[in-house]
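As structure tokens, the structure follows; a few thoughts come after it.
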Amino acid sequence: RKRHLATIVSKSRRKRDLSETGYMAFSKRVLKWRLIGEGYSSQLSIEDQRYIFRMAFRMWSEVSPLDFVEDTRSPLEEIDIRLGFGTGRHLGCNQRFDGTGQEFAHAWFLGDIHFDDDEHFTAPNAGSGISLLKVAVHEIGHVLGLPHIYRSGSIMQPSYLPQDSGFEMDWMDRKAIQHLYGGCKGRFNTAFDWIRKEKTPYGEVVIRFNTYFMRDGWYWLYENRNNRTRYGDPVALQVGWRGIPMDGVDAYVHVWSRKRDAIYFFKGAHFWRYDNENDQAYRQDPEGHRYPKLISEGFPGVVSPIDTAFYDRRDSRIYFFRNTLVYAFNVEANSLARGFPKNIRDVFPPVVSRDHPDGNIDAAYFSYTHNAIFLLKGTRFWQVVGSRDRWRRPFLPRNGLLPHKEVDQHWFDICNVHPTALKL
Amino acid sequence: EKLFHNRDHSDVQMLNSHQAKVITDKHTAELFLSRYGFIKPVNWEEIQFEDSDASFNDDFLGDLKDTIQEGSSVHRSRDANLDDDRDDRNSLTESQAFISALKEFQRVSGLPATGVFDEATKEAMNKPRCGVPDNEIDLDTPENSTASDTENSTNDTFSQPDSITASNDTSRNSTDLYDPIFNITSPSSSHDINTDGQMVNISVNTHQSEAVRR
Chain A
1 RKRHLATIVS KSRRKRDLSE TGYMAFSKRV LKWRLIGEGY SSQLSIEDQR YIFRMAFRMW
61 SEVSPLDFVE DTRSPLEEID IRLGFGTGRH LGCNQRFDGT GQEFAHAWFL GDIHFDDDEH
121 FTAPNAGSGI SLLKVAVHEI GHVLGLPHIY RSGSIMQPSY LPQDSGFEMD WMDRKAIQHL
181 YGGCKGRFNT AFDWIRKEKT PYGEVVIRFN TYFMRDGWYW LYENRNNRTR YGDPVALQVG
241 WRGIPMDGVD AYVHVWSRKR DAIYFFKGAH FWRYDNENDQ AYRQDPEGHR YPKLISEGFP
301 GVVSPIDTAF YDRRDSRIYF FRNTLVYAFN VEANSLARGF PKNIRDVFPP VVSRDHPDGN
361 IDAAYFSYTH NAIFLLKGTR FWQVVGSRDR WRRPFLPRNG LLPHKEVDQH WFDICNVHPT
421 ALKL
Chain B
1 EKLFHNRDHS DVQMLNSHQA KVITDKHTAE LFLSRYGFIK PVNWEEIQFE DSDASFNDDF
61 LGDLKDTIQE GSSVHRSRDA NLDDDRDDRN SLTESQAFIS ALKEFQRVSG LPATGVFDEA
121 TKEAMNKPRC GVPDNEIDLD TPENSTASDT ENSTNDTFSQ PDSITASNDT SRNSTDLYDP
181 IFNITSPSSS HDINTDGQMV NISVNTHQSE AVRR
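These protein sequence lines are chains A and B, in that order. Here my numbering is used: the first residue of the first sequence is 1, the next is one more, and so on. Here my numbering is used: the first residue of the second sequence is 1, the next is one more, and so on.
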């Protein structure tokens with residue numbers, strides 16, 4: 001039986017490689033998992049069990065470049081991670097479970113995870129018993145190659161710590177898994193700070209903002225304070241931004257001056273205006289304009305589709321980017337600024353001659369957190385020289401681009417999840 | 001095969017009768033320490049196989065582990081002369097191995113590393129836990145890790161606002177931490193960081209953030 005098993009496994013499953021840490025890690029990025037039919041728990045409904053495991057895998061996906069997909073059809077040997085419940089001697093495993101108490105689950109190198117069904121497993125936030133979600137996240141951590149980590153707050157602690165509220169991956173656990181599989185990289189459609197005015201109970205007007213990154217049909221809220229995305233992100237675009245194209249946008253522009261305060265989304269040849277108050281795109285704005293509108297109508301002289309755009313409050317212009325050209329649009333004059341379009345190198349010259357994106361920008365993002373404009377392209381970004389930079393180093397060119405850095409070293413853990421896990 | 005009679009499985013629940021062995025004395029403690037990798041069994045390194053087929057290893061070693069854990073659990077160096085001083089050396093090494101393993105367990109469990117099998121240690125051993133051994137203990141233990149403030153230290157690399165106020169963002173179905181609060185009506189902003197019109201006056205509110213729920 002063992003030899004047979006070894007031949008099957010060796011033939012059909014890609015071998016694990018030892019990353020430089022000496023811990024084993026999968027060498028592929030999309031992993032299949034399955035709750036084994038004869039291994040269902042007798043304590044929770046099957047749907048609950050599968051939902052909890054889907055959530056557990058998603059939590060690892062939110063902090064690593066790995067995607068997990070539940071596969072209930074393929075032959076078993078093609079499944080990377082198999083989960084099952086059992087008591088005592090179980091599922092052909094050589095390590096017997098010890099009944100209620102002590103050992104509640106274990107995981108094996110080849111991706112098998114067993115749960116002791118003599119334990120009282122409960123759904124998340126049940127407030128009693130042992131949270132199946134927490135145990136599943138821990139055991140999946142083993143299968144992915146993480147050892148026990150005796151650090152308070154780590155999900156890889158061997159002893160179970162009751163959790164009074166939802167638990168999440170802390171910073172060190174994220175770094176541990178990223179040490180094995182690398183960080184999350186990828187192109188963005190746009191990045192922006194969404195600003196809203198609200199009244200405090202004292203009638204004071206305050207302005208709040210959040211940072212958002214968008215990629216295809218989903219988006220992340222980025223918590224600058226915590227250097228990570230919001231727990232549970234990404235979320236599908238249509239959930240949080242009603243009325244804009246569900247498969248993603250090209251640009252987000254916030255025209256904000258003494259006289260204007262308007263937010264626009266751009267996609268293809270059209271643009272939409274966003275209604276902050278009602279948190280959805282206008283069909284007809286207070287001035288009577290109907291949306292979506294053609295970009296050529298709303299911004300004469302600007303061609304479409306565009307790569308990206310941003311509004312520069314210093315000169316009240318919208319800078320549209322398309323291929324190697326930049327179109328500066330004077331909002332007050334409602335026309336292209338004189339001399340535009342220009343080559344991007346002329347508008348945003350490199351500070352280091354060969355270090356320049358040379359067009360086809362993914363996103364132009366003005367960050368209130370950093371008080372700086374960033375041009376993102378692929379996995380890199382270039383920060384635009386700001387007034388403070390030029391105050392300290394007057395020789396820097398106006399709107400010069402500082403040498404590039406990596407996006408994932410500046411904004412952390414903006415990770416995809418498998419589309420099937422998106423709607424959890 | 002379990003049979004489900006009542007829809008709520010209550011009859012099955014009654015069947016769950018076996019309990020894990022509670023750790024009450026030195027012998028069960030030693031078993032615990034062996035099982036979870038704090039005590040290495042005899043010549044552990046020698047008998048590990050070279051080939052890379054881990055499952056084979058585990059199957060074979062698994063059985064062997066059981067026997068080893070029940071039997072002697074004493075370290076032996078490869079070239080020790082096994083015959084002539086086995087007994088006295090064993091008894092001395094055995095208690096030493098137990099104490100050092102116990103200390104290691106106490107240390108990683110955040111207990112005083114006294115090497116004494118006291119109540120706190122017993123309680124820690126009896127907690128529900130993962131069945132994967134700890135022999136790959138990560139050095140990242142509380143003493144030499146400043147993890148709790150790493151996140152903040154990472155923040156240092158950014159010109160971070162001092163604090164943040166959360167608000168209910170029903171349109172995003174979440175109560176979130178939010179970035180700095182702009183108070184455009186309070187002229188005396190303590191954090192006036194720009195003058196070139198690209199930014200607004202930013203004053204930073206001192207409210208503390210609320211806990212975040214997914």
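Heads up, the beta-carbon is just placed ideally off N, CA and C, and yes, glycines get one too.
Inset, instruction - Sort 414(A), 357(A), 294(A), 419(A) by Cα distance to residue 403(A) and report the nearest one. - result: 357(A)
Inset, instruction - State yes or no: is the beta carbon of residue 47(A) nearer than 8 angstroms to at least one beta carbon in chain B? - result: no
Inset, instruction - Check distances from the C-beta atoms of the segment 276-300 of chain A to those of chain B and list, in chain order, the residues that come in under 8 angstroms. - result: 279
Legend entry - Run of the alpha helix (DSSP H) containing residue 383(A), from where it starts to where it stops: Run containing residue 383(A): none in the alpha helix (DSSP H); it sits in the beta strand (DSSP E), 380-383.
Legend entry - Nonlocal neighbours in the same chain, by C-beta distance under 7 angstroms from residue 182(A), ignoring five residues either side: 65
Inset, instruction - Could you tell me whether any Cβ in chain A is nearer than 8 angstroms to the Cβ of residue 106(B)? - result: no
Legend entry - Proximity test, Cβ basis, 8 angstroms: residue 25(B) and chain A: no
Legend entry - DSSP state of residue 351(A) mapped onto helix, strand, coil: coil
Inset, instruction - Would you mind listing the beta strand (DSSP E) stretches within the segment 350-419 of chain A that are 3+ residues and don't spill past its ends, in chain order? - result: 363-367, 372-377, 380-383
Inset, instruction - Reducing DSSP to helix, strand and coil, say where residue 330(A) ends up. - result: strand
Inset, instruction - Could you check which residue in 280(A), 228(A), 193(A), 321(A) has the C-alpha nearest to that of residue 245(A)? - result: 280(A)
Legend entry - Neighbour flag for residue 245(A) against chain B, beta carbons, 8 angstroms: no
Legend entry - contact_flag[the segment 100-107 of chain A, the segment 54-62 of chain A] where n(CB pairs < 8 angstroms) is 3 or more: no
Inset, instruction - Using the DSSP secondary-structure output, state which residues sit across from residue 47(A) in a beta bridge. - result: Partner(s): none; residue 47(A) has no beta bridge.
Legend entry - Per-residue DSSP class, three states only, for residue 337(A): coil
Inset, instruction - Report the three-state DSSP secondary structure of residue 113(A) (helix, strand or coil). - result: strand
Legend entry - Exposure of residue 192(A), with buried meaning 16 or more beta-carbon neighbours within 10 Å: buried
Inset, instruction - Pick out the complete beta strand (DSSP E) segments inside the segment 21-107 of chain A, 3 residues or longer, and give them in chain order. - result: 30-35, 67-70, 81-86, 103-107
Legend entry - Inter-residue Cα distance where the pair is residue 92(A) and residue 80(A): 17 angstroms
Inset, instruction - Please check if any C-beta of chain A sits within less than 8 angstroms of the C-beta of residue 115(B). - result: no
Legend entry - Whole-Å CB distance - residue 234(A) paired with residue 270(A), under 8 angstroms assumed: Not confirmed; about 24 angstroms, so no contact.
Inset, instruction - Check whether the Cβ of residue 150(A) lies closer than 8 angstroms to any Cβ atom in chain B. - result: yes
Legend entry - Where the beta strand (DSSP E) containing residue 310(A) begins and where it ends: 308-312
Legend entry - Distance, residue 205(A) Cα to residue 167(A) Cα: 35 angstroms
Legend entry - Beta-carbon contacts of residue 330(A) that lie in its chain and below 6 angstroms, excluding the five residues immediately before and after: 317, 337
Inset, instruction - Would you kindly work out how many angstroms separate the C-alpha atoms of residue 172(B) and residue 239(A), rounded to a whole number? - result: Unreliable placement is indicated for residue 172(B), whose pLDDT of 39 sits below 50; the coordinate value is still reported in the next sentence. Between residue 172(B) and residue 239(A), the C-alpha separation is close to 8 angstroms.
Legend entry - Host alpha helix (DSSP H) of residue 173(A) (start-end): 171-181
Inset, instruction - May I ask you to report which of helix, strand or coil DSSP gives residue 30(B)? - result: helix
Inset, instruction - May I have the straight-line CA-CA distance separating residue 350(A) from residue 401(A), to the nearest angstrom? - result: 5 angstroms
Legend entry - Helix, strand or coil at residue 423(A) [DSSP, three-state]: coil
Legend entry - Strand pairing of residue 270(A), partner residues [DSSP]: 267(A), 294(A)
Inset, instruction - Just the C-alpha distance for residue 372(A) and residue 386(A), rounded to the nearest angstrom, thanks. - result: 6 angstroms
Inset, instruction - Compare the C-beta of residue 159(A) against all C-beta atoms of chain B and say whether one is closer than 8 angstroms. - result: yes
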